[in-house]
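Just so you know, the sequences run in chain order Y and D. Residues 558 to 717, numbered by the working numbering, are exactly what the first sequence covers, in order. Residues 442 to 788, numbered by the working numbering, are exactly what the second sequence covers, in order. Note that CB positions come from ideal geometry on N, CA and C, so glycine has one too. On a predicted model such as this, the values are computed, not experimentally measured, just so you know. Working notes for the structure below.
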Amino acid sequence: MYRMRRWVVRHSRAFEMIYRRFEPVLVKLAPVWRRLGHERIEAPVRSVEKAVKGALFDCQMCGQCILSDTGMSCPMNCPKSLRNGPCGGVRANGHCEVKPEMMCVWVDAWEGSRQMKHGDRIHAVQLPVDYRLEGTSSWLRVVRQQDGTSSSTAKSETTK
Amino acid sequence: MKFDDEPVPGYSLPILPGHVSPGRLERVLRAGKFAVTSEIDPPDSADPAEVLKRAAIFDGYVDAINATDGSGANCHMSSVGVCSLLTRVGYATILQISCRDRNRIAIQGEILGGAAMGACNLLCLTGDGVQAGDHPQAKPVFDLDSMSLLEIARAMRDEQRFDSGRHIAVPPRIFLGAAENPFVPPLDWRPHRLAKKVAAGAQFIQTQYCFDIERLREFMLKVNDLGLLEGPDRVFILPGIGPLASARSARWIRANVPGVHIPDAVIARLEGAENQKEEGKQLCMDLLNEIREIPGVSGAHIMAYRQEHTVAEIIKATGVLEGRVPWYPGRDDPKELNPESSEALLS
């Protein structure tokens, strides 16, 4: 929902803290996820992730979440799917070139990142999306990466 | 400017130490000369003569010619097609690739194909949305964005590999460019976004139309503060300018062309003029004169859509080339003349 996701951006600092607490818990539970089997839990985790992040961020389930690098404004809501900043078509009022009724996702991202502790992560160059991961759980992917194990459902991660 | 190792038309120049491309644009910029680029509006036609005719208009006034890639999301002859025709007679071209219409497989193939045809300058663009053009029903691709396109092109050149990691036998020797729009929100982020583009591989920048000199000044100050204009990895900035045909057309552009910021004062100036077309040209010359004085500016990119014949006049009147005559077919040897040039210059 548009209004919800804009509210989240205005409170990006709080969400950054929530994420910073939430992620280590997920990773700590790695043995549990492993025992249950990533294959088996992928579907339920994905549904929960989609429901939560969909409601909060209008998450598009790209499978490689970079919300904490983009001021908690999901770049996949950009009609051009830009992951590295705004295009040159932003309107004078900060709205989107393609959808004039919508605030530019990146104008919001810039505002959001300025409130965040690690807001300077917005300056990092993001690699292009790996479309094989579309629709998969970003949370479980983070767990696998941090845990250093990879299960068979981990479709070969970007190697770069 | 003639380089003593200037080859026959269509052949690449030797690559100098510290340079990445065999092209004239990089040489002019690294030599510290004020560079001028302009752009061809690719024809809605498969006629090669039309392309050569459109290029001849700029003979002797521009260092490189951009061939736009479906600009405004409208269908025209492809950029790589236009560049290939132009490099065959020796013109320096800037190949434009927009991320709107092709995925990473097609784009990387095009970079190699363009480089093989002698198009040794590449402008990496995101592209206008499809809603802006004549095919709003088309699928917007945007597999890459301008930043990841730069990164991939840089790796193809410097690391001799595709994005997949697969080896490239002979890498594309290309001078990498990108666009920036210092005139639209978020204004305070724009210099940082430029820094990001430079980090991704951009070596020259052509900006969106500048009609607001103050915004450009502020932008250039910040770009300089970020240290982007020094060292071997420095970036060369060519602000975009162009003549407005009338106050009415300025209003139309402001309302309909994404990303063009035209202050009210500019429109008022045109409105108050007796001959609006002349005033538009004069305004463009005034802007060029101011732009060349801004520290850190390396040249200008003149976009004179449907007024291409005014480019020569604007360059001549402002004297930005300081007596330099950029190479064109036939400059040094009449035998090398662009076959369409006499016709183009008469019409």
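Annotation note: the stretch 444-509 of chain D contains the following uninterrupted alpha helix (DSSP H) runs of length 4 or greater, listed N- to C-terminal: 465-471 and 489-497. Annotated three-state conformation of F572 (chain Y) is helix, per DSSP. The criterion of a C-beta distance shorter than 8 Å is satisfied by Q644 (chain D) and V676 (chain D). CA-to-CA, the gap between V686 (chain Y) and D666 (chain D) works out to about 32 Å. Within the model, the alpha-carbon separation for C653 (chain Y) versus F444 (chain D) is close to 46 Å.
Comparing alpha carbon positions, the residue from D:L679, D:G668, D:P450 and D:G721 closest to R692 (chain D) is D:G721. Per DSSP, H517 (chain D) has no beta-bridge partner at all. The secondary-structure analysis by DSSP pairs Y650 (chain D) across a beta bridge with D:G681. Contact check between the stretch 754-774 of chain D and the stretch 729-738 of chain D: three or more CB pairs, one atom from each, fall below 8 Å, which counts as touching.
A residue is called buried once 16 or more other Cβ atoms fall within 10 Å of its Cβ, and S569 (chain Y) is buried on that count. Nearest C-alpha to I682 (chain D) among D:L711, D:V469 and D:Q647: D:Q647. For N562 (chain D), the beta-bridge partners assigned by DSSP are D:F616. Ranked by how close their Cα comes to the Cα of L457 (chain D), the residues D:P450, D:R471 and D:V449 have D:R471 in first place.
Of all residues in the stretch 688-711 of chain D, only P699, G700 and H702 come within less than 7 Å of chain Y when Cβ atoms are compared, listed by chain position. Less than 8 Å separates the beta-carbon of L697 (chain Y) from that of E599 (chain Y).
Contacts between H576 (chain D) and chain Y, judged by CB atoms closer than 9 Å, are missing: the closest CB pair is about 14 Å apart. Of the residues assessed, H675 (chain Y) falls on the exposed side of the cut-off, its CB having fewer than 16 other CB atoms within 10 angstroms.
Identification of chain D residues near K674 (chain Y) by a Cβ-Cβ cut-off of 7 Å yields none; the smallest Cβ-Cβ distance measures about 18 Å. In terms of Cβ geometry, I703 (chain D) and F652 (chain D) form a close pair [threshold 8 Å]. In the displayed model, A741 (chain D) falls within a strand according to three-state DSSP. Proximity of chain D to H595 (chain Y) at the Cβ level (cut-off 8 Å) is not reached, the minimal Cβ distance being about 26 Å. Under the 8 Å Cβ criterion, the stretch 598-615 of chain D does not count as touching the stretch 644-651 of chain Y, having fewer than three qualifying pairs.
In this chain, the alpha helix (DSSP H) harbouring L635 (chain D) covers R631 to A641. I756 (chain D): member of the alpha helix (DSSP H) spanning T751 to T759, first to last residue.
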